[in-house]
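Take the sequence shown: its letters are residues 481 to 782, numbered as in the working numbering.
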Amino acid sequence: MSILLLGADGQVGYELHRAFAPFGSIEPCTISGALPDGSSCTRIDFTDAGSLARLIAQRRPSLVLNAVAHTQVDHAEDEADLAFRINAGAVGELAQACAEHAAKLIHYSTDYVFGGGGSRPWREDDATAPLGVYGRSKLAGEEAVRASGCRHLILRTAWVYGARGTNFLRTMLRVGRERDELRVVADQIGSPTPARWIAAATALAHVRKSEASGTWHLVADGQCSWHEFACAIFERALASGLIERAPRVHAIASADYPTKAARPAYSRLDTSRMAADFGLRLPDWSEGLRQVIAEMAEARRM
């Protein structure tokens, strides 16, 4: 199998490179033309119209993994054109090229396609109602993939984090070392999901039903608030020796931490369809945190 991996230097892309390595030859691509270890790779720019279609036509991959996205939610409000270009326009071009050359596309989307006003986990067929530019652009990307006619997996995930990259866990550990007290939102609910779990489940889903095409939700089991997640991070990090002391973490309302873009209040995703169709259900979010903290603590000791 020839595999084209777009966004190989991101949190999910890094883990996809590992997870799909046994399945064939992987050509990693990044906007810089470099991988996290400093080695060179193919350069691809999602803002360059036509570049993705040319790449697919030249390489003729059997599988394309798209881990590229404009994910800076607040910045997207000020740069809507860029967000839509990366999250929708380029994705549409990519999907159309995959359709023309019989390549399967695995593409990631987000809980932000929903409004967040519900009280039960969101199902794949629930009505979408994104609150901001980021969510609207990601939803437009989903629609472009479906409209292309290419064989695809659209995997909606949420609250992604890992031992590397820019994410909530690493931000908490950094600011926790700098401050004695933190204020963290307690009225936004979701399911923190390790990037490694997302990549592993993606690979298993692809292998178990390679001809499947559609949209599925892929997040860790269980739910928590950002405040609960922060408290658990510091508890685990302190116990593992990753930090020497933990700050006090105060619970606040979203209204007390205003942001340019509105966030969904309840964004837990229902993963029943993933379990039914692929036999995959990720463990509870707390187990994911335990594993990631253990990985970081081990890396620090080496």
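Where is the CB? At the ideal position from N, CA and C, for every residue including glycine.
Taking the CA atoms as reference points, Pro516 sits about 22 Å from Trp639.
Residue pairing by DSSP places Cys704 opposite Gly670 in a beta bridge.
The criterion of a C-beta distance shorter than 8 Å is satisfied by Gln491 and Ala675. Around the beta carbon of Glu661, fewer than 16 other beta carbons sit within 10 angstroms, so the residue counts as exposed.
Boundaries of the alpha helix (DSSP H) harbouring Lys618: Val613 to Ser628, taken from the DSSP string. In the structure shown, Glu691 falls within a coil segment according to DSSP collapsed to helix, strand and coil. DSSP lists Ala731 as the beta-bridge partner residues of Val664. Here Ile634 is bridged, per DSSP, to His587 and Thr695. By the neighbour-count definition (other C-beta atoms within 10 Å, threshold 16), Lys689 is an exposed residue. Here the alpha carbon of Ala583 sits roughly 14 Å from the alpha carbon of Gly572. Cβ-Cβ separation between Arg603 and Asp757: approximately 13 Å, too far for a contact (criterion under 8 Å). Around the beta carbon of Glu622, 16 or more other beta carbons lie within 10 angstroms, which makes this residue buried. Sequence-distant partners of Leu762 (beyond 5 residues in either direction) whose C-beta falls short of 8 Å from its own C-beta, in its chain, are Thr673, Trp677, Ala681, Leu698, Val699, Ala700, Asp701, Thr751 and Gly768.
Its Cα nearest to that of Trp696, the residue Leu760 stands out among Gly595, Ala710, Leu760 and Val729. In this structure, DSSP gives Trp765 a helical state, which the three-state scheme calls helix.
Listed in chain order, the beta strand (DSSP E) runs fully inside the segment 710-759 are 728-732, counting runs of at least 3 residues. Ser520 carries a strand assignment under DSSP once its states are collapsed to helix, strand and coil. By the criterion of a C-beta distance shorter than 7 Å, Gly670 is surrounded in its chain by Asp591, Ala638, Trp639, Gln703, Ser747 and Arg748, once the five residues flanking it on both sides are discounted. Ile536: member of the alpha helix (DSSP H) spanning Ser531 to Arg539, first to last residue. In summary, Met652 is buried, with 16 or more beta-carbon neighbours lying within 10 Å of its beta-carbon over all protein chains present. A distance below 7 Å between beta-carbons, with the five flanking residues on each side excluded, links Phe564 to the following residues of its chain, in chain order: Ser617 and Ala620. Taking the C-beta atoms as reference points, Leu649 is found nearer than 8 Å to Ile713. In the three-state DSSP reduction, Glu559 falls in the coil class, being neither helix nor strand.
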